[in-house]
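First to last, the protein sequences are chains A and B.
The first sequence lines up with residues 76 to 670 when you count with the numbering used here.
The second sequence lines up with residues 51 to 342 when you count with the numbering used here.
Backbone N, C-alpha and C define an ideal beta-carbon position, used for all residues, glycine too.
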Amino acid sequence: MSRAVIPFTTQAAALGVALALPAFVGANSYALFVATQLGIYIIAAIGLNLLAGYAGQVSLGHAAFVAIGAYSVALLTVDHHWPFWAAAVVGMVLAAGLGVLAALPAFRLNTWYFAFITLAFALVFEKMIVEWRWLTKGFAGVVGVPPPSAFGYEFGPRPLYYTVVAVTVIAFILVRNVVHSRFGRAFVAVRDVEPAALAVGASPQRTKLVAFVISAALAGIAGAFFAVQKTVVTPDDFTADFSIFFLLTVVLGGLGTLWGPIIGALVFFLIPELLAGLQSWRMLIYGGMLLGLMLFAPHGLYGALRQAWRRFAPSPAKASAAADSSHAREHPPIAGLGLVISGLRKQFGGVQALDGVDLSVPAGSCYAIVGPNGSGKTTLLNLASGYYVPDAGSVKIGDVEALGSGAQRIAARGVGRTFQTPRLIADLTALDNVMLGAYTRERAGLLSTALRLPFARAEARRLRQEALGFLQFVGVADRADIEAGEIPHGQQRLIEIARAMMGGARLILLDEPAAGLSMSELERLERLIMRICGLGATIVIVEHHLDLVANVATHVTVLDRGTVLAAGKPAAVFNDERVMRAYMGERALKAGVPA
Amino acid sequence: MDIDVLAHGIVAGSLYALVAVSFNILYRPTNVFNFAQGELVMLGAMIFASLTSLAGMPWLVAFAGTLVAVGCIGLVEERIAVAPILARSQTGTGWVITTLATSLIISNLVGRFWGPDPILVKPPALLSMDSLDIGASRISSYEIALVLVTLVLVAIVERVYRTLKGKAVMAVAEDREAALLRGIDPGSLGRWSFFLGAAFAAMTGVLAAPILYASTSLGPDLLLKGFAAAAVGSIGNNRGALIAGYVIGVTEAVGASLLSPGYQEAVIFIVVLAVLLLKPEGLFGSPNARTV
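Below is the structure:
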């Protein structure tokens with residue numbers, strides 16, 4: 076994913092400084108207090124960054140989730156004498172649970188619904204803290220939260236600090252592991268190219284939900300430590316300003332970068348000291364900073380650092396792990412899936428895009444669908460892959476009716492597809508894009524991924540090799556480590572095909588793969604399609620380029636204005652008079668222009 | 051149910067509907083949901099209050115001046131905070147953060163200039179805030195006028211969308227590139243919609259001021275309730291927004307009278323969540339087909 080800019084030695088040094096700090100400052104010093112607080116804020120910021128930076132869901136009410144953790148610990152330890160650790164777990168679960176309950180409807184909708192709903196949630200929660208005096212003690216707040224203790228030993232400021240540092244490091248490592256896994260790839264896919272997430276079988280709703288649960292749980296833990304550190308919890312601690320503060324921390328450090336939240340929080344803790352005289356201008360400055368950063372440094376300080384670093388020391392052209400793409404790799408045969416479509420209809424407004432289309436794609440064939448613009452070819456693909464819901468008809472993939480299943484379900488059943496304009500995730504490398512294809516095939520769950528259990532690591536390694544193999548298969552292995560956004564159009568198409576194959580696709584739908592390709596790229600594409608077919612996979616290709624179709628297709632169906640005009644072997648179909656008329660018009664036909 | 055509670059719910063609901071319509075005006079061609087909209091409403095109320103109460107300008111002059119001034123601020127917002135973000139990525143949501151930042155900047159600058167004290171704004175001549183005692187309800191002539199004006203405004207906005215320019219707006223909302231090919235300039239429509247959306251927000255502020263007073267606290271409150279009305283009534287649907295505005299206003303009034311005023315927001319929040327859970331596209335919308 077993102078190439079490391081902060082070298083290992085610097086990371087170790089940062090941790091060293093954090094661990095050595097208590098030796099140089101007094102146990103009750105202000106410096107230690109601030110450092111503990113910094114750690115707590117970093118925990119929450121790491122979570123918010125995972126959500127807003129990677130998954131693209133901006134939470135404007137993160138203070139509320141911190142508040143849930145803080146109040147849980149304060150109330151359970153003070154009123155019910157629970158031990159801190161149990162109370163912290165409850166706080167974490169409550170933060171995630173209440174958050175999910177509130178945000179559930181938002182996951183199906185545009186991302187800004189989520190922003191609004193979290194904003195409203197924080198506001199309502201703030202009011203409820205005051206309203207439910209019997210529970211929360213209203214404005215006065217909960218006083219005298221006891222420090223955590225273990226084995227009869229009560230934590231002073233120093234052990235508390237070490238605990239917070241440990242939790243911060245653990246949170247950082249777990250989030251890093253998740254970000255570098257299939258979940259992280261799915262986050263970025265959902266953020267940037269939702270159709271691509273669907274195409275690999277990743278449910279956008281569930282992906283957003285996973286990011287949010289992790290994020291809210293981390294906010295809950297941060298809140299738990301917040302309560303024991305401050306010993307007093309009041310509604311004033313968790314205002315809308317506090318949510319803005321978290322957001323700004325993450326934006327300042329760098330949205331969607333692992334070190335962003337840490338850098339942002341560090342800088343933030345230095346600024347208030349410098350701006351002590353400007354307290355009343357604070358929110359205005361926050362607003363100005365948010366605006367300026369989003370406009371001029373969307374990846375924050377970390378992004379600026381990375382850019383400067385690259386300019387200063389351009390990374391040497393790294394020899395790719397599998398640069399040897401001269402020989403095409405052998406690939407095990409694929410058991411192709413048949414596709415049977417009958418009576419398919421779809422209307423858009425007043426336009427009947429498809430009007431009762433039947434076609435039957437035998438397993439293992441290379442089936443072309445051609446037709447003039449607006450004849451319903453792409454609509455047909457989108458219906459078959461579940462992106463549209465048809466008005467009537469049936470779509471059978473293999474022997475299973477696919478109608479009514481969502482796009483990601485159909486993808487998981489072994490249907491891969493490409494798009495008219497390649498839908499790769501620009502911020503991920505070519506290799507990561509291909510690995511994203513394996514989303515539904517990976518067995519390691521969230522927990523084993525976050526903990527990097529041996530079998531999860533082995534699986535990731537194996538899939539990486541496999542993905543490299545597919546890049547080699549399509550002939551762009553030399554691009555493995557380059558971000559997809561920087562790769563030329565023609566190769567992006569090939570990577571998209573590799574992604575579909577990586578998903579274990581047995582039926583591959585290609586939407587105008589030849590569009591915008593050069594002559595040599597076209598030849599490569601042609602050979603590639605024939606090789607994939609040769610392995611046994613079924614290919615359905617929607618294409619304008621009739622030479623390509625004539626060369627690769629075993630069957631052709633011609634669509635015109637939403638109905639099947641002709642179907643059969645390419646040679647026969649292309650000499651059909653009605654087909655020629657549809658393509659070239661009456662006059663051209665009479666003039667005797669050859670097909 | 052107390053008829054008075056219902057009446058006041060309708061009055062408040064009219065204001066929420068107007069905020070929702072101002073969201074829609076801006077949203078339709080740009081697909082941007084302006085998080086500074088509440089502050090633009092507040093700004094309208096503040097500028098108008100200053101022009102009439104402090105500078106003693108006649109009602110109509112101050113009204114026009116306020117609309118133009120806030121419209122221009124909306125335009126500046128579009129140029130600085132929205133257009134550059136959309137130029138970078140049409141699908142990204144960076145504008146959530148930049149319009150939020152704009153809202154912070156506006157609300158804090160206004161707080162600096164005007165201070166926290168609410169300003170009393172008198173209704174225009176012939177109308178008053180004195181309650182009329184019609185039957186059991188104690189509603190004022192100004193509040194009745196507000197409800198009627200809201201109906202007229204929604205009807206006017208709907209009419210405008212049926213004109214050629216209005217259709218262009220819908221075309222851009224549907225498919226930006228296709229509209230571009232047909233000679234519609236989405237950029238110019240975006241600028242206009244921000245100007246008009248902001249001016250409409252300012253008008254909402256002017257209309258709200260006699261009832262709610264002009265103060266900096268107007269912004270966040272109307273932002274969230276306006277969003278609630280827009281979401282429940284289906285984004286982009288103005289008639290839906292009107293009805294949803296009433297629903298939100300009445301729910302809030304009834305909730306407050308049955309429980310305690312502290313539950314107002316919570317009740318609305320739960321209604322919005324319930325609606326979105328059952329009908330994600332709102333009560334008056336059809337699910338959009340995904341486009342690939």
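- Where valine 217 of chain B falls: helix, strand or coil (DSSP): In the second sequence, the residue the question calls residue 217 of chain B occupies position 167. The residue you asked about is not valine; residue 217 of chain B is lysine in the sequence shown. For lysine 217 of chain B, the three-state secondary structure derived from DSSP is helix.
- Query: Mind pulling the chain B residues with CB within less than 8 Å of phenylalanine 321 of chain A?
  - Reply: For the purposes of this step, residue 321 of chain A is taken as residue 246 along the first sequence, with counting starting at 1. None at all; the shortest Cβ gap to chain B is about 12 Å.
- phenylalanine 423 of chain A: first and last residue of the uninterrupted alpha helix (DSSP H) it sits in: Residue numbering aside, residue 423 of chain A sits at position 348 when the first sequence is read from its first letter. In the DSSP annotation of this structure, phenylalanine 423 of chain A is not part of any alpha helix (DSSP H); the continuous beta strand (DSSP E) holding it starts and ends at 414 to 423.
- Who are the Cβ neighbours of alanine 163 of chain A in its own chain at under 7 Å, not counting the five residues just before and after it? By 1-based counting over the first sequence, the position of residue 163 of chain A is 88. Once the five neighbours on either side are set aside, the close Cβ partners of alanine 163 of chain A are Val148, Ile296 and Ala299.
- Item | Cβ neighbour criterion (16 or more within 10 Å) applied to alanine 647 of chain A | Position 572 of the first sequence, counted from the start, is the residue given in the question as residue 647 of chain A. So alanine 647 of chain A ends up on the exposed side.
- Query: If we cut at 8 Å on Cβ distances, does lysine 202 of chain A have a partner in chain B?
  - Reply: As a working mapping, residue 202 of chain A is identified with position 127 in the first sequence. Answer yes: the Cβ-Cβ gap between lysine 202 of chain A and chain B drops below 8 Å somewhere.
- Message: Does the CB of tyrosine 313 of chain B have a neighbour CB from chain A at under 8 Å?
- Response: The residue labelled residue 313 of chain B in the question sits at position 263 within the second sequence. At least one chain A Cβ lies under 8 Å of tyrosine 313 of chain B.
- Task: Going by DSSP, name the residue or residues bridged to phenylalanine 442 of chain A.
- Result: The sequence position of residue 442 of chain A within the first sequence is 367, counting from 1. With the sequence shown as reference, residue 442 of chain A is identified as tyrosine, and phenylalanine is not the correct amino acid for it. In the DSSP output, where bridge partners are listed per residue, tyrosine 442 of chain A has A:Val615 and A:His630.
- Message: Which same chain residues end up closer than 8 Å to valine 342 of chain A when comparing Cβ atoms and leaving out the 5 residues on each side of it in sequence?
- Response: Along the first sequence, read from residue 1 onward, the residue named residue 342 of chain A stands at position 267. Closer than 8 Å at the Cβ level, and outside the excluded window around valine 342 of chain A, lie Leu327, Gly328 and Leu376.
- Does DSSP put isoleucine 81 of chain A in a helix, a strand or coil? Here residue 81 of chain A corresponds to residue number 6 of the first sequence, with the count starting at 1. Secondary structure of isoleucine 81 of chain A (DSSP, three-state): coil.
- Is the segment 136 to 155 of chain B in contact with the segment 286 to 306 of chain B, if contact means three or more CB pairs nearer than 8 Å? Short answer: they don't touch.
- Are any of the Cβ atoms in chain B nearer than 8 Å to that of tryptophan 209 of chain A? In the first sequence, residue 209 of chain A corresponds to position 134, counting from 1. Residue-level contact by beta carbon fails for tryptophan 209 of chain A and chain B, as no gap is shorter than 8 Å.
- CB contact below 8 Å: glycine 131 of chain A versus chain B: By one-based count along the first sequence, residue 131 of chain A stands at place 56. Cβ-Cβ to chain B under 8 Å: yes for glycine 131 of chain A.
- Query: Taking the C-alpha atoms as reference points, what is the distance between alanine 264 of chain A and alanine 272 of chain A?
  - Reply: Within the first sequence, residue 264 of chain A is the residue found at index 189, counting from 1. Within the first sequence, residue 272 of chain A is the residue found at index 197, counting from 1. Using only the alpha carbons, I get a separation of about 5 Å.
- Task: Kindly list the residues whose CB is nearer than 7 Å to the CB of serine 284 of chain B, restricted to its own chain and excluding five residues on each side of it in sequence; keep chain order.
- Result: On the second sequence, position 234 is the one that residue 284 of chain B refers to. Result list for serine 284 of chain B: Gly290, Glu331, Gly332, Leu333, Phe334 and Gly335, in chain order.
- For the segment 604 to 617 of chain A and the segment 438 to 457 of chain A, state whether three or more C-beta atom pairs, one from each stretch, are separated by less than 8 Å. Touching, yes, given that three or more Cβ pairs across the two stretches are closer than 8 Å.
- Item | beta strand (DSSP E) runs contained entirely in the segment 457 to 489 of chain A, provided each spans 3 or more residues | Taking only runs of at least 3 residues, the beta strand (DSSP E) segments lying wholly in the segment 457 to 489 of chain A are 467 to 472.
- Query: How many angstroms separate the CA atom of alanine 142 of chain A from the CA atom of phenylalanine 301 of chain A?
  - Reply: Taking the first sequence and counting its residues from 1, one reaches residue 142 of chain A at position 67. Taking the first sequence and counting its residues from 1, one reaches residue 301 of chain A at position 226. Roughly 9 Å separates the two Cα atoms.
- Query: Hey, leucine 82 of chain B and leucine 76 of chain B are a contact pair by Cβ (cut 8 Å); roughly how many whole angstroms apart?
  - Reply: Sequence index remark: in the second sequence, residue 82 of chain B carries index 32 (1-based). Sequence index remark: in the second sequence, residue 76 of chain B carries index 26 (1-based). Per the sequence shown, the amino acid found at residue 82 of chain B is valine instead of leucine. Right, the Cβ-Cβ distance comes to about 7 Å (below 8 Å), so this counts as a contact.
- Task: Name the residue from B:Gly299, B:Gly240 and B:Thr102 whose alpha carbon lies nearest to the alpha carbon of glutamine 140 of chain B.
- Result: Within the second sequence, numbered from 1, the residue matching residue 140 of chain B stands at position 90. The shortest Cα separation from glutamine 140 of chain B among B:Gly299, B:Gly240 and B:Thr102 belongs to B:Gly240.
- Message: Between valine 217 of chain A and leucine 150 of chain A, how many whole angstroms is the CB-CB distance? I'm expecting something under 8 Å.
- Response: The residue given as residue 217 of chain A occupies position 142 in the first sequence. The residue given as residue 150 of chain A occupies position 75 in the first sequence. Taking the Cβ atoms as the reference, valine 217 of chain A lies roughly 6 Å from leucine 150 of chain A, within the contact range of under 8 Å.
- Does DSSP classify arginine 188 of chain B as helix, strand or coil? As a first step, residue 188 of chain B is located in the second sequence; it is residue number 138 there, counting from the start. In the structure shown, arginine 188 of chain B sits in coil (DSSP, three-state: anything other than H, G, I, E or B).
- Excluding the five sequence neighbours on either side, which residues of its own chain have a C-beta within less than 7 Å of the C-beta of threonine 85 of chain A, listed in chain order? Taking the first residue of the first sequence as 1, we reach residue 85 of chain A at position 10. Correct list: empty, nothing qualifies.
- Item | Residue from B:Val171, B:Leu65, B:Leu104 and B:Asp52 whose Cα sits closest to the Cα of leucine 272 of chain B | Here residue 272 of chain B is taken as the residue at index 222 of the second sequence, counted from 1. Distances from the CA of leucine 272 of chain B to each of B:Val171, B:Leu65, B:Leu104 and B:Asp52 were compared; the closest alpha carbon is that of B:Leu65.
- From threonine 143 of chain B to asparagine 185 of chain A, what distance separates their C-alpha atoms? Along the second sequence, one-based indexing puts residue 143 of chain B at 93. Along the first sequence, one-based indexing puts residue 185 of chain A at 110. Each residue's CA atom was taken as its position, placing threonine 143 of chain B and asparagine 185 of chain A some 9 Å apart.
- Task: Mind listing the chain A neighbours of glycine 63 of chain B? Cutoff is C-beta to C-beta under 7 Å, in chain order.
- Result: Here residue 63 of chain B refers to the residue found at position 13 of the second sequence. Think of a sphere of 7 Å around the beta carbon of glycine 63 of chain B: no beta carbon from chain A falls inside it, the nearest being about 17 Å out.
- C-beta neighbour in chain A for proline 330 of chain B, strict 8 Å: The residue given as residue 330 of chain B occupies position 280 in the second sequence. Taking Cβ atoms only, chain A reaches closer than 8 Å to proline 330 of chain B, which makes this a yes.
- Query: Is aspartate 154 of chain A helix, strand or coil by DSSP?
  - Reply: Here residue 154 of chain A is taken as the residue at index 79 of the first sequence, counted from 1. Aspartate 154 of chain A sits in a helix when the DSSP states are folded into three classes.
- Task: May I have the straight-line CA-CA distance separating valine 671 of chain A from valine 220 of chain A, to the nearest angstrom?
- Result: Coverage of chain A is limited to positions 76 through 670, which leaves residue 671 of chain A absent and any answer about it impossible.
- Task: Can you have a look at histidine 137 of chain A and say buried or exposed, based on whether 16 or more other CB atoms are within 10 angstroms of its CB?
- Result: Translated into the one-based positions of the first sequence, residue 137 of chain A becomes position 62. By the C-beta density criterion, histidine 137 of chain A is buried, having at least 16 other C-beta atoms within 10 angstroms.
- Item | In chain order, each alpha helix (DSSP H) run of at least 4 residues that lies wholly inside the segment 321 to 350 of chain A | Whole alpha helix (DSSP H) segments, 4+ residues: 335 to 349.
- Task: Indicate whether serine 191 of chain B and serine 178 of chain B have their beta-carbon atoms separated by less than 8 Å.
- Result: On the second sequence, residue 191 of chain B is found 141 positions in, with the first residue counted as 1. On the second sequence, residue 178 of chain B is found 128 positions in, with the first residue counted as 1. For serine 191 of chain B and serine 178 of chain B, yes; Cβs fall inside 8 Å.
- Message: Distance check for serine 355 of chain A and threonine 243 of chain A, CA to CA, integer angstroms please.
- Response: Stepping through the first sequence from its first residue, residue 243 of chain A is reached at position 168. Stepping through the first sequence from its first residue, residue 355 of chain A is reached at position 280. Rounded to the nearest whole angstrom, the CA to CA distance from threonine 243 of chain A to serine 355 of chain A is 31 Å.
- Would you report the Cα separation of serine 187 of chain B and serine 181 of chain B, rounded to the nearest angstrom? As a position in the second sequence, residue 187 of chain B is number 137, starting the count at 1. As a position in the second sequence, residue 181 of chain B is number 131, starting the count at 1. Distance between the alpha carbons of serine 187 of chain B and serine 181 of chain B: 9 Å.
- Task: Please say whether glycine 413 of chain A and valine 436 of chain A have beta carbons closer to each other than 8 Å?
- Result: Here residue 436 of chain A corresponds to residue number 361 of the first sequence, with the count starting at 1. Here residue 413 of chain A corresponds to residue number 338 of the first sequence, with the count starting at 1. Less than 8 Å separates the beta-carbon of valine 436 of chain A from that of glycine 413 of chain A.
- How should threonine 213 of chain B be labelled, buried or exposed, when 16 other C-beta atoms within 10 angstroms of its C-beta is the threshold for buried? Residue 213 of chain B sits at position 163 when you count from the first residue of the second sequence. Exposed, by the Cβ-count rule.
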